[in-house]
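Colleague:
Residue numbers (the numbering used here): 108 to 263.
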């Protein structure tokens, strides 16, 4: 389950590699959102357990993977999508429907937050850049299909 969080973010970033600062912004946005406690996340025992595990990892000083290197790997997108497929199957088989659906919706929201974190394209001054480009929109739809959750409303 822990790998699925990074997979949701990496799938988006790898679908539309931007400048280094954009990729870093996307990784930071995903990490910040993952650790955010909301009414939806607190009510889901899987999300709470994952957040706790990540907190313990950080407290113990275990390093986290370099997001930029993970995203730049040649097979980053395919690996991320494969991870999401595996997690979808695991959740469908092992979790209650409500808990599974909540976790999958959370994964899609991680992907959405990643996509919205950095403007893509445009010139040196950022003119012509868009918040979410076509490649990111397409991967968000693909992630929604993989996880069997409704696609993001603003992208539908």
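The beta-carbon is built from N, C-alpha and C at its ideal position, and this holds for glycine as well.
#1: Where are the alpha helix (DSSP H) runs, 4 residues long or more, that stay fully inside the segment 171-222, in chain order?
#2: Can you find the residues in the same chain that come closer than 7 Å, C-beta to C-beta, to residue 262, ignoring five residues on each side of it along the sequence?
#3: Could you check how far apart the C-beta atoms of residue 122 and residue 214 are, in whole angstroms? I think they sit under 8 Å.
#4: Determine contact between the segment 132-141 and the segment 215-226, defined as no fewer than three beta-carbon pairs at a distance below 8 Å.
#5: If we call anything under 8 Å between Cβ atoms a contact, is residue 191 one with residue 250?
#6: Contact between the segment 146-161 and the segment 198-207: three or more CB pairs below 8 Å?
#7: Please report how far the alpha carbon of residue 158 lies from the alpha carbon of residue 242, in whole angstroms.
#8: Which first and last residues belong to the alpha helix (DSSP H) in which residue 113 is found?
Modeller: According to the structure data:
#1: 174-179 and 183-201
#2: Confidence at residue 262 is low in this model, with a pLDDT of 49, below 50, so the placement of that residue is unreliable and no value is reported for it.
#3: That belief does not hold up - the Cβ atoms of residue 122 and residue 214 are roughly 15 Å apart, past 8 Å.
#4: yes
#5: yes
#6: yes
#7: 29 Å
#8: 109-122
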